[in-house]
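Input: a single structure, listed below in C-alpha coordinates.
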Amino acid sequence: QSFSLADALSRANSEAEAASSSGDGDGPKDPMAKVKAALACPCVADLRQSSCGTSFDEALTCFMLAKDEEKGKKCVEEFVSLHACMVKNANEFQEFANELLEHQDVRGPAKATTNAGK
(Lines of atoms letter the chains of each structure in order from A and count residues from 1; the text may use other names and numbers.)
(Lines give C-alpha, C1' and ligand atoms only; values in the text may rest on other atoms or scores of the structure.)
Protein backbone atom coordinates (compact mmCIF):
# COMPACT_ATOMS: atom_id res chain seq x y z
CA GLN A 1 0.00 0.00 0.00
CA SER A 2 1.40 3.39 -1.00
CA PHE A 3 1.67 6.10 1.64
CA SER A 4 1.12 9.78 0.98
CA LEU A 5 1.77 12.27 3.76
CA ALA A 6 -0.29 14.93 1.97
CA ASP A 7 -3.25 12.55 1.69
CA ALA A 8 -2.99 11.58 5.36
CA LEU A 9 -2.87 15.23 6.46
CA SER A 10 -5.81 16.10 4.25
CA ARG A 11 -7.90 13.18 5.50
CA ALA A 12 -7.01 13.88 9.15
CA ASN A 13 -7.94 17.54 8.71
CA SER A 14 -11.25 16.57 7.09
CA GLU A 15 -12.02 14.18 9.95
CA ALA A 16 -11.25 16.92 12.47
CA GLU A 17 -13.41 19.45 10.62
CA ALA A 18 -16.33 17.03 10.55
CA ALA A 19 -15.97 16.14 14.22
CA SER A 20 -15.51 19.69 15.46
CA SER A 21 -18.23 21.34 13.36
CA SER A 22 -21.03 18.98 14.34
CA GLY A 23 -23.44 20.44 16.82
CA ASP A 24 -24.25 24.15 16.86
CA GLY A 25 -22.89 24.85 13.38
CA ASP A 26 -20.66 27.70 14.56
CA GLY A 27 -17.56 26.03 13.17
CA PRO A 28 -14.69 24.46 15.09
CA LYS A 29 -14.96 24.40 18.86
CA ASP A 30 -11.82 24.05 20.95
CA PRO A 31 -8.76 23.99 18.65
CA MET A 32 -7.20 21.17 20.68
CA ALA A 33 -10.38 19.11 20.23
CA LYS A 34 -9.87 19.48 16.49
CA VAL A 35 -6.24 18.33 16.86
CA LYS A 36 -7.31 15.34 18.95
CA ALA A 37 -9.90 14.39 16.31
CA ALA A 38 -7.26 14.59 13.58
CA LEU A 39 -4.82 12.48 15.59
CA ALA A 40 -7.56 9.90 16.21
CA CYS A 41 -8.22 9.47 12.48
CA PRO A 42 -7.44 5.89 11.37
CA CYS A 43 -5.82 7.45 8.30
CA VAL A 44 -2.78 8.45 10.40
CA ALA A 45 -2.65 5.44 12.75
CA ASP A 46 0.31 3.84 10.96
CA LEU A 47 2.30 7.05 11.11
CA ARG A 48 1.52 7.60 14.78
CA GLN A 49 2.64 4.06 15.63
CA SER A 50 5.85 4.32 13.61
CA SER A 51 9.29 5.38 14.84
CA CYS A 52 8.33 8.89 13.71
CA GLY A 53 5.09 9.03 15.67
CA THR A 54 6.18 11.83 18.00
CA SER A 55 7.53 13.92 15.12
CA PHE A 56 4.31 13.37 13.21
CA ASP A 57 2.15 14.34 16.20
CA GLU A 58 4.16 17.55 16.63
CA ALA A 59 3.96 18.45 12.94
CA LEU A 60 0.24 17.73 12.64
CA THR A 61 -0.54 19.59 15.87
CA CYS A 62 1.40 22.66 14.71
CA PHE A 63 -0.26 22.52 11.29
CA MET A 64 -3.75 22.18 12.77
CA LEU A 65 -3.25 25.04 15.25
CA ALA A 66 -1.65 27.44 12.75
CA LYS A 67 -3.76 30.15 11.18
CA ASP A 68 -4.48 29.51 7.50
CA GLU A 69 -2.04 32.17 6.31
CA GLU A 70 0.73 30.64 8.49
CA LYS A 71 0.27 26.93 7.69
CA GLY A 72 3.04 26.88 5.11
CA LYS A 73 5.53 28.84 7.23
CA LYS A 74 4.94 28.31 10.92
CA CYS A 75 5.57 24.58 11.08
CA VAL A 76 8.64 24.26 8.87
CA GLU A 77 10.89 22.97 11.66
CA GLU A 78 8.35 20.33 12.70
CA PHE A 79 7.95 19.05 9.14
CA VAL A 80 11.72 19.13 8.53
CA SER A 81 12.13 17.02 11.69
CA LEU A 82 9.43 14.62 10.50
CA HIS A 83 11.05 14.38 7.08
CA ALA A 84 14.46 13.67 8.63
CA CYS A 85 12.96 10.96 10.83
CA MET A 86 11.22 9.34 7.87
CA VAL A 87 14.42 9.38 5.82
CA LYS A 88 16.35 7.89 8.77
CA ASN A 89 13.71 5.16 9.17
CA ALA A 90 13.06 4.72 5.46
CA ASN A 91 12.57 0.96 5.74
CA GLU A 92 9.31 1.56 7.64
CA PHE A 93 7.80 3.63 4.85
CA GLN A 94 8.60 1.48 1.80
CA GLU A 95 7.57 3.24 -1.39
CA PHE A 96 7.20 6.64 0.22
CA ALA A 97 10.78 6.38 1.49
CA ASN A 98 12.12 6.33 -2.05
CA GLU A 99 10.34 9.61 -2.74
CA LEU A 100 11.73 11.14 0.46
CA LEU A 101 15.27 10.06 -0.38
CA GLU A 102 14.91 11.42 -3.90
CA HIS A 103 13.87 14.83 -2.54
CA GLN A 104 15.91 15.02 0.68
CA ASP A 105 18.07 17.90 -0.56
CA VAL A 106 15.36 19.83 -2.38
CA ARG A 107 14.94 23.46 -1.35
CA GLY A 108 11.79 25.46 -1.96
CA PRO A 109 8.30 24.17 -2.73
CA ALA A 110 8.08 20.49 -3.50
CA LYS A 111 6.60 19.45 -6.78
CA ALA A 112 4.01 16.71 -6.79
CA THR A 113 4.97 13.50 -8.47
CA THR A 114 2.61 10.97 -9.90
CA ASN A 115 3.06 7.25 -10.02
CA ALA A 116 1.63 6.27 -13.39
CA GLY A 117 0.26 2.78 -13.65
CA LYS A 118 -0.60 2.34 -9.96
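By this note's numbering, the letter at position 109 of the sequence shown is numbered 116, and the numbering carries on one by one without gaps.
Every residue, glycine too, gets a C-beta built ideally from N, C-alpha and C.
Between the alpha carbons of residue i and residue j, how many angstroms are there, rounded?
i	j	result
N98	S58	11 Å
R18	H90	19 Å
E77	Q101	31 Å
E22	C48	7 Å
P38	V51	19 Å
K43	E109	32 Å
G60	K74	23 Å
V83	Q56	22 Å
Do the CB positions of residue i and residue j come within less than 8 Å of each other?
i	j	result
M71	N20	yes
A26	L54	no
Nearest by alpha-carbon distance to residue i: which of the options is it?
i	options	result
E85	K95, F63 and M39	F63
A40	V51, C50 and E24	E24
E65	V87, D75 and K74	V87
Kindly give me the distance between the Cβ atoms of residue i and residue j, rounded to whole angstroms, as I take these residues to be in contact under 8 Å.
i	j	result
A45	L67	6 Å
C69	K81	6 Å
Checklist entry - Mind pulling the alpha helix (DSSP H) runs of 4 or more residues that sit fully within the stretch 12-93? => result 12-28, 38-47, 52-55 and 60-72
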